[in-house]
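Below is one structure, written out as structure tokens, with a few remarks after it.
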Amino acid sequence: MLEQWKQVLNKMENEVTAVTYDLWVSTLKPVQYSNDELLLIAPSITAKNQVNQSAIMDKLTRIVREEFDKYAYVRVVDEKEYEENIRQQAKQEEKEDVGRACPFNKKYTFENFVVGKSNQVVFAAMQNVAEHPSQKFNPLFIYGGSGLGKTHLLHAVGNYLWENQPALNVLYVTCENFTNDYVDYLRNSKDKLKSEFRDKYRTADVLMIDDIQFISNRTGIQEEFFHTFNDLYQNNKQIIIASDRPPKEMSTLEDRLRSRFSMGLIQDIQEPDYETKVAIIKKKCSQEGYLVEPDVVDFIAQKVGTSVRDIEGLLSKIVFYASLLNKTHATMDDAHEALKDYGEPESTSLNADKIINTVCEFFKISKEDITGKKKNKEIVEPRQLCIYLINDMLNMPLVAIGDLFGGRDHTTIMHARDKVTKLIKTNPHTKTLVNDLKSRLLKC
Ligand code: ADP
Ligand code: MG
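Anchor point for the sequence shown: position 88 equals 92 in the working numbering, and the numbering is continuous, going up by one each time.
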């Protein structure tokens with residue numbers, strides 16, 4: 005561009021008076037040539053106005069067209085305008101970036117997923133659905149224990165489609181997101197907000213719902229989900245559902261949904277065997293740039309249960325210890341040190357029933373009382389603790405917890421949870437009590 009601009013200047017020197025050339029034309033700076041537009045900066049508003057007069061501009065445009073392109077045109081701005089332009093452009097780009105931001109976790113890809121005997125069928129099914137949505141397995145229902153990679157695989161489908169079929173509307177929500185959206189929708193009387201809910205879910209080309217085991221059988225949530233499901237299915241849209249148990253073991257699930265889920269493929273993901281665990285640890289190390297001695301890999305694979313989440317937790321703790329001591333490699337000493345306060349890994353089979361039973365045993369009260377209507381202090385306090393623990397340890401949505409406690413409203417559950425959260429911060433007795441109950445539960 006600069007070479008061409010030099011030619012333009014040479015030619016202009018012969019076309020205008022020496023004063024005009026020296027004062028105005030020679031002071032122009034070319035900054036950009038794109039989409040046939042040559043952008044020039046003038047050092048002042050006066051210079052800009054002078055050049056923009058047709059006596060100069062007509063000549064300039066003619067010569068620029070000779071040197072650049074026959075369709076080229078010239079735009080002259082002063083420095084302030086130029087800076088403002090750049091600012092606006094940056095803002096616009098930022099906005100577009102936000103609009104385009106990928107909603108899926110970048111780490112959760114098919115490439116980063118270690119395939120072994122325990123998960124190869126689920127992996128193949130998910131890959132097939134990502135490559136050919138709405139063709140073979142619809143709906144695809146995957147289930148398995150906590151930390152075995154269900155959420156990872158859902159995001160992998162999302163990431164794959166984001167890259168390969170960006171025009172598709174791929175929606176990932178947890179059951180809790182869906183429930184909250186629906187509760188908001190019921191509360192809102194405005195038609196616009198009402199239609200936003202339906203638009204969000206019914207315009208999806210691929211709908212993924214995670215942790216469906218938390219679906220409540222109250223306030224019409226299953227009914228709404230049923231209609232969403234039917235609508236999408238009839239329009240040949242792909243539905244993928246993840247759960248910690250198969251549909252037949254979801255006691256609160258309505259039969260009509262159970263039969264819908266069974267129309268496609270139901271596939272379980274099992275606990276990884278020793279070799280797969282080792283492969284997962286090695287993969288995490290190379291991904292995160294962790295350096296650990298081979299013994300440590302073996303140690304983690306032996307020590308931790310089957311939840312990959314726990315494996316990751318212990319690995320990063322060991323690496324953290326080593327880094328505190330400025331070591332380049334994590335050794336067995338670090339592993340032992342890290343394990344000291346790691347405690348037993350969270351049991352993958354912890355569930356709401358176990359929490360309720362443990363709390364009842366601890367306070368010597370009955371299950372009927374804790375889930376029932378009694379309002380005396382001896383019952384209310386354990387009930388609130390129980391609600392807190394279920395929400396905290398299982399991440400169970402409030403509406404689903406309400407179901408466990410005699411159909412209480414989710415705002416009541418929220419109140420109980422918030423009360424205990426606050427007490428933990430202000431009352432050392434509550435803090436000790438909660439920690440004690442948690443460690444009992446982790447040993448279950
Ligand atoms: P789930 O949804 O089944 O409870 P997640 O998908 O959240 O489990 O997995 C927990 C963690 O373990 C995530 O960080 C995930 O990347 C990792 N993970 C699980 N299975 C695998 C696997 N086979 N290969 C690599 N990472 C895995
Ligand atoms: Mg999950």
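In this text, a Cβ means the ideal position worked out from N, Cα and C, and glycines have one as well.
{"Check": "At the level of alpha carbons, what is the spacing between residue 350 and residue 381?", "Outcome": "With a pLDDT of 47 at residue 350, under the threshold of 50, the modelled position of this residue cannot be trusted; read the value that follows with caution. So the alpha carbons of these two residues sit roughly 31 Å apart."}
{"Check": "Using the Cβ count rule (16 or more neighbours within 10 Å means buried), how would you classify residue 295?", "Outcome": "exposed"}
{"Check": "Under the rule that 16 or more other beta-carbon atoms within 10 Å means buried, what is residue 7, buried or exposed?", "Outcome": "exposed"}
{"Check": "Is any heavy atom in ligand 2 found nearer than 7 Å to the beta carbon of residue 214?", "Outcome": "yes"}
{"Check": "Would you mind giving the Cβ-Cβ distance between residue 10 and residue 67, rounded to the nearest angstrom? I have them listed as a contact below 8 Å.", "Outcome": "About 12 Å; that fails the 8 Å criterion."}
{"Check": "Roughly how many whole angstroms lie between the Cα atoms of residue 383 and residue 369?", "Outcome": "8 Å"}
{"Check": "Specify the secondary structure class of residue 324 as computed by DSSP and reduced to three states.", "Outcome": "helix"}
{"Check": "Which residues in the same chain as residue 51 place their Cβ atom closer than 7 Å to its Cβ, once the five residues preceding and following it in sequence are excluded?", "Outcome": "28, 31"}
{"Check": "Please state whether DSSP places residue 84 in a helix, a strand or coil.", "Outcome": "helix"}
{"Check": "Might you give, ordered along the chain, the residues of its own chain that have their beta carbon closer than 6 Å to the beta carbon of residue 328, omitting 5 neighbours on each side?", "Outcome": "none"}
{"Check": "Under the criterion of a Cβ to heavy atom distance below 7 Å, does residue 263 qualify as lining ligand 1?", "Outcome": "no"}
{"Check": "Just checking, does the segment 229-247 make contact with the segment 131-147 on the three C-beta pairs under 8 Å criterion?", "Outcome": "yes"}
{"Check": "Does the distance between the C-beta of residue 147 and the nearest non-hydrogen atom of ligand 1 fall short of 7 Å?", "Outcome": "no"}
{"Check": "Where does residue 260 fall in DSSP's three states?", "Outcome": "helix"}
{"Check": "Give me the Cα-Cα distance between residue 119 and residue 275, rounded to the nearest whole angstrom.", "Outcome": "12 Å"}
{"Check": "Quick one: does the C-beta of residue 154 sit closer than 7 Å to a heavy atom of ligand 2?", "Outcome": "yes"}
{"Check": "Can you round the beta-carbon distance between residue 305 and residue 285 to whole angstroms, since I take them to be within the 8 Å contact cut?", "Outcome": "6 Å"}
{"Check": "Going by alpha carbons, who is nearest to residue 206 out of 317, 173, 224?", "Outcome": "173"}
{"Check": "Using the beta-carbon count (16 or more within 10 Å), is residue 39 buried or exposed?", "Outcome": "exposed"}
{"Check": "Based on DSSP bridge pairs, tell me the residues matched to residue 450.", "Outcome": "A question about residue 450 goes unanswered here, because the residues of the chain that appear run from 5 up to 448."}
{"Check": "Does the beta-carbon of residue 534, which I'm using as the reference point, lie nearer than 7 Å to any heavy atom of ligand 1?", "Outcome": "Because the chain is modelled from 5 through 448, residue 534 falls outside the range shown and cannot be assessed."}
{"Check": "In whole angstroms, give me the CA-to-CA distance for residue 152 and residue 122.", "Outcome": "9 Å"}
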